[in-house]
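Student: Numbering (the numbering used here), first residue to last: 102 to 153.
The following block contains the structure, expressed as structure tokens.
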Amino acid sequence: MEIVLQDVINIIDEFYENYSNLKRIKGYQDDLRKIFEAHKESSKLGFEKLMK
102 MEIVLQDVIN IIDEFYENYS NLKRIKGYQD DLRKIFEAHK ESSKLGFEKL MK
């Protein structure tokens, strides 16, 4: 029983670590998306100014 309980604890620990990593990666993706959108918008504005 003790071995099974230790396995369950290890699985939960691994799940928590993986979940934390996924949350961190999701945060990076959101930041990159914001940077890309800002770059795209500034490029569009710069192009419009060039065309004037």
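Heads up, the beta-carbon is just placed ideally off N, CA and C, and yes, glycines get one too.
The model shown is predicted, which means the values in this text are computed figures rather than measured ones.
(1) Using a Cβ-Cβ distance under 8 Å, would V105 count as near chain B?
(2) How long is the line joining the alpha carbons of Y129 and E115, rounded to whole angstroms?
(3) In chain order, what residues of the same chain have a beta carbon less than 7 Å from the beta carbon of K141, not counting five sequence neighbours either side?
Tutor: To lay it out plainly:
(1) Absent here is chain B; the protein component of the structure consists of one chain.
(2) CA-to-CA, the gap between Y129 and E115 works out to about 21 Å.
(3) Once the five neighbours on either side are set aside, K141 has no close Cβ partner at all.
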